[in-house]
Amino acid sequence: MRAYDLIELAGRNLREAGLRNSLTTLGIGVGVASLVAMLSLGIGLQKLATKQLGRSGLFDTVVVTARGDSRGPRFAQAAPVTAQAKPLDDAARHNFEQMANVAEVYPNFSAVGDVRLETDKTGNHFTVVGTLPQSARTSEAFDDVQGSFFSSGIAEEAIILGDFGRDLLNLPREPRGTDVKLTPEQADQLLGKYIVVRYHKREAGESAPLAGKTTKKGQPDPDDVDSSDGIKAEDAQSFNLVPKQLKLKIVGIVSSEPNRGFRQGRTPVFLPLALAESLDMVQAGELWSTLRPSDTKTYVALIVRVGRSKAVAQVEDDIRKQGFSTFSILDASKGITRFFTFLDLFLGIFGSLALAVASLGIVNTLVMAILERRREIGIMKALGASDGDVKRIFFFEAGSMGIMGGALGAGLGWTIGRVINFATNIYLQRQDIKPENFWVVPVWLVAAALGFSVFVSMFAGLYPASRAARLDPVQALRHD
Amino acid sequence: MATNGTEFESVRTVSVVRHYKLGRTLIPAVDGVSLAAGRGEFIALLGASGSGKSTLLNLIAGLDRPDSGAIVVEGSDLATMTSEQLAQYRRHTVGMVFQSFNLVPTMTLYENVELPMRFAEVKRKERRARVVEALERVGLSDRMKHRPSEMSGGEQQRAALARALANRPKLLLADEPTGNLDSKTGTEIMDLIRELNRTLEMTVIMVTHERPLAERYANRLVFLGDGKLVGESVNELEKIGVAR
Chain A
279 MRAYDLIELA GRNLREAGLR NSLTTLGIGV GVASLVAMLS LGIGLQKLAT
329 KQLGRSGLFD TVVVTARGDS RGPRFAQAAP VTAQAKPLDD AARHNFEQMA
379 NVAEVYPNFS AVGDVRLETD KTGNHFTVVG TLPQSARTSE AFDDVQGSFF
429 SSGIAEEAII LGDFGRDLLN LPREPRGTDV KLTPEQADQL LGKYIVVRYH
479 KREAGESAPL AGKTTKKGQP DPDDVDSSDG IKAEDAQSFN LVPKQLKLKI
529 VGIVSSEPNR GFRQGRTPVF LPLALAESLD MVQAGELWST LRPSDTKTYV
579 ALIVRVGRSK AVAQVEDDIR KQGFSTFSIL DASKGITRFF TFLDLFLGIF
629 GSLALAVASL GIVNTLVMAI LERRREIGIM KALGASDGDV KRIFFFEAGS
679 MGIMGGALGA GLGWTIGRVI NFATNIYLQR QDIKPENFWV VPVWLVAAAL
729 GFSVFVSMFA GLYPASRAAR LDPVQALRHD
Chain B
275 MATNGTEFES VRTVSVVRHY KLGRTLIPAV DGVSLAAGRG EFIALLGASG
325 SGKSTLLNLI AGLDRPDSGA IVVEGSDLAT MTSEQLAQYR RHTVGMVFQS
375 FNLVPTMTLY ENVELPMRFA EVKRKERRAR VVEALERVGL SDRMKHRPSE
425 MSGGEQQRAA LARALANRPK LLLADEPTGN LDSKTGTEIM DLIRELNRTL
475 EMTVIMVTHE RPLAERYANR LVFLGDGKLV GESVNELEKI GVAR
């Protein structure tokens, strides 16, 4: 039998028992809708979670340190012993930048210094001064920024944390670790104002005793007396720490630390990375490297941002093979992926239950149709229909109900998702929480739901179709 | 009209046996029937109900399979065919009409006649011409869009005949074709069958229990009793019919 005859015959059968078939199709539709709704909730939640985590900079970040350098994170995975340890210098940084899937490489750069408001001569705050690369603009911390991001990578501007803003304004401190959002009035007192940062610049110098030139308060003096002999021997590496001060305009106030990543401790003030590098600021914890002979400037740690979070493992591995130590939170991200796989599976099973019930509806409808069309099947066989022809007609009817039910269900599931999303966001907005799209219906899910619906329907059609095909025409045509 | 010789032979059954199980006992519906029909012959199968005549017809139609014996139609043995081959055989070689007409009630007359051509994969363009031709032959070309329920019994049986002709079969099998009709329309149908038998040279095998009808139209009368062939007579009266 040709395809169009099959379609016509199956189509007319579907129309003949229109109400019953419509109800069966509706049943499949509801089943598919519940599946789509459940899975799109799972997908939406996963997207939301990975988006949040992704923007936190944890999952696409590899921290690179030189092997044998104890300044780096303690938990870094050491390079394989076979690889030769290399200095973490500009050559290495450039090398990482050239690697596939690497979006950005920047130093984990932070200095210490005294920070005060320009107008407040007495309110000095000794604190860590961090830096932000231009890419930090997309960090979730800037979702509710008061003011703006840096106007350029070298602008003499600063972004501060809300609770540091309170410090600057001499307001009582909130408990540590809580995100502080300033009131618009408080923010107005800070935005556009200037802060003065006093820091130390590293300058190449004569073979002068290191400790003698350092005036920085609070930094422990190196007590290794022998080191002065070493420095005398290597004049080229000697340098001076020169106190400097810098005026920065406050352009933005954030409530949580942007690009927090693996940064340790609290960093309440940020300036543009390129600016900080150009200033040769002495970094926090750099004392160690100042005592270590090296021909070139080396980094304490480099942050490698990977374009695709799936490529993190590969990038990390490649860097380790080059002789550096690395750290990433990949294992944690694997755990999260596993959790969502289970969640999706669980939601999928729940959603499929309705579809399973609906598929029983198909079996029921078609078995009824066989009883009803018993004589007709007999006639068709007497007129030359093969068992296969009869089977295909019933199969096609099941498949058609699957396609229509699937389309109906995908549409219905999408609508349910929209409505619930809409309603929940109204609720979230009332609670002053940013609305989120946690109900996502991707195209592949619609296609998969359609395909699955057809598959389930065909499977449900197997038994009725083969039963119809086996029907004995002599029995069916017996006139009684 | 020849009744012997294979090249003129349309149907030959050789010791065909078909029995049904009823509980533990086997009921022989057809019990060793050997019968031959020449091309273009009109044979009437006569017998009381339960004599096995309908079972024999279903066996020849390829709707049923014999338990033993052979049924050779147009040179091929139905007993050795696969079910797909049997379907092919029913599609192309046999046309059937029944006592209860067996038109599909939800289809129009046109669609009913077209139905066997769907299974035979006749091209769409050709179908219309064939439907019209078949309906003209039975005198129903003005009723194409009517459903069976809108037609009289005689018209329905004529429609069934048109459907049986659709794939231009060599063999027409009729199971009590006049059983549900009054005698006048019954006669009309029989006239039509005889006309098809003569003009299209179709072999006709008809099951009936009305002996007068058989004597009036068939070349040969075959009598069945308890599944066995119990008698046969070449119909002399039929020759009068020819002359008429």
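Top line first, the protein sequences correspond to chains A and B. Letter by letter, the first sequence follows residues 279 to 758 of the working numbering. Letter by letter, the second sequence follows residues 275 to 518 of the working numbering. Don't be surprised by glycine CBs; every beta carbon is placed ideally from N, CA and C. Remember, it's a predicted structure, so these values are computed and weren't measured experimentally.
For ILE657 (chain A), the chain B residues whose C-beta falls within less than 7 angstroms of its own C-beta are ASN376 and VAL378, listed in chain order. Straight across, the Cα-Cα distance linking GLU358 (chain B) with ARG417 (chain B) is about 34 angstroms. Think of a sphere of 7 angstroms around the beta carbon of ARG280 (chain A): the chain B residues whose beta carbon falls inside it are GLU395, in chain order. VAL752 (chain A) has a beta carbon lying within less than 7 angstroms of a beta carbon in chain B. Taking the Cα of GLN424 (chain A) as reference, the smallest distance to any Cα among A:VAL390, A:GLN412, A:GLY470 and A:LYS329 is reached at A:GLY470. In the structure shown, the three-state DSSP call for ARG480 (chain A) is strand.
Under the 8 angstroms Cβ criterion, the stretch 344-352 of chain B does not count as touching the stretch 398-412 of chain B, having fewer than three qualifying pairs. Membership of LYS502 (chain B) in the beta strand (DSSP E) is indicated by the continuous run 502-508. Under the Cβ criterion of 7 angstroms, GLU654 (chain A) is counted among the residues facing chain B. Across the set B:GLU489, B:LEU320 and B:LEU389, the C-alpha of B:LEU320 shows the shortest separation from the C-alpha of PHE497 (chain B). DSSP lists B:VAL478 as the beta-bridge partner residues of PHE316 (chain B). For the pair THR367 (chain B) and PRO443 (chain B), the CB atoms are nearer than the 7 angstroms cut-off. Counting only residues of its own chain and dropping the five nearest sequence neighbours on each side, SER678 (chain A) has a CB closer than 7 angstroms to the CB of ALA288 and LEU292.
When the beta-carbon positions are compared, VAL529 (chain A) and SER413 (chain A) stay at least 7 angstroms from each other.
For the stretch 661-693 of chain A, residues whose beta-carbon sits nearer than 9 angstroms to a beta-carbon of chain B comprise LEU661, GLY662, ALA663, SER664, ASP665, GLY666 and ASP667. Annotation: GLU650 (chain A) has no Cβ neighbours in chain B at a cutoff of 7 angstroms; minimum Cβ distance is about 11 angstroms. C-alpha of GLY431 (chain A) to C-alpha of ILE473 (chain A): approximately 18 angstroms in a straight line. Comparing alpha carbon positions, the residue from A:LEU317, A:PHE374, A:VAL475 and A:LEU297 closest to LYS527 (chain A) is A:VAL475.
Between the alpha carbons of THR482 (chain B) and LYS327 (chain B) lies a distance of about 8 angstroms.
A distance of 7 angstroms or more separates the beta carbons of SER630 (chain A) and GLY680 (chain A). In this structure, the alpha-carbon of LEU447 (chain B) lies about 51 angstroms from that of ALA725 (chain A). Between VAL340 (chain A) and VAL582 (chain A), the C-beta gap is smaller than 7 angstroms, which places the two residues in contact. With its beta carbon less than 7 angstroms from one in chain B, ASP283 (chain A) belongs to the interface.
Close to chain A, meaning a Cβ-Cβ distance shorter than 8 angstroms, are the following residues of the stretch 420-452 of chain B: ARG437 and ASN441.
Of all alpha-carbon atoms in B:VAL406, B:LEU331, B:LYS502 and B:GLU506, the one lying nearest the alpha-carbon of GLU450 (chain B) is that of B:LEU331. A Cβ of chain A is located within less than 7 angstroms of the beta carbon of GLU358 (chain B).
Within a 10 Å sphere around the beta-carbon of ILE285 (chain A) sit fewer than 16 other beta-carbons, which makes this residue exposed. With respect to chain B, the C-beta atom of GLU714 (chain A) has no partner C-beta closer than 7 angstroms. Shown here for ILE463 (chain B): same chain residues with a beta carbon closer than 8 angstroms to its own, the five before and five after excluded, namely GLY428, GLN431, ARG432, LEU435, PRO451, THR452 and LEU455 in chain order.
Counting along the chain, LEU330 (chain B) sits inside the alpha helix (DSSP H) bounded by residues 327-335. With distances taken between CA atoms, LEU323 (chain A) lies nearest to A:VAL718 out of A:ARG745, A:VAL718, A:LEU446 and A:LEU728. Secondary structure of GLN359 (chain B) (DSSP, three-state): helix. The three-state secondary structure of ASP367 (chain A), taken from DSSP, is strand. Taking every protein chain shown into account, the CB of VAL504 (chain B) has fewer than 16 other CB atoms within 10 angstroms, so this residue is exposed. Contact between the stretch 304-319 of chain A and the stretch 595-609 of chain A is absent: fewer than three C-beta pairs spanning the two stretches fall below 8 angstroms. The beta-carbon of ASN471 (chain B) is placed no less than 7 angstroms from the nearest beta-carbon of chain A.
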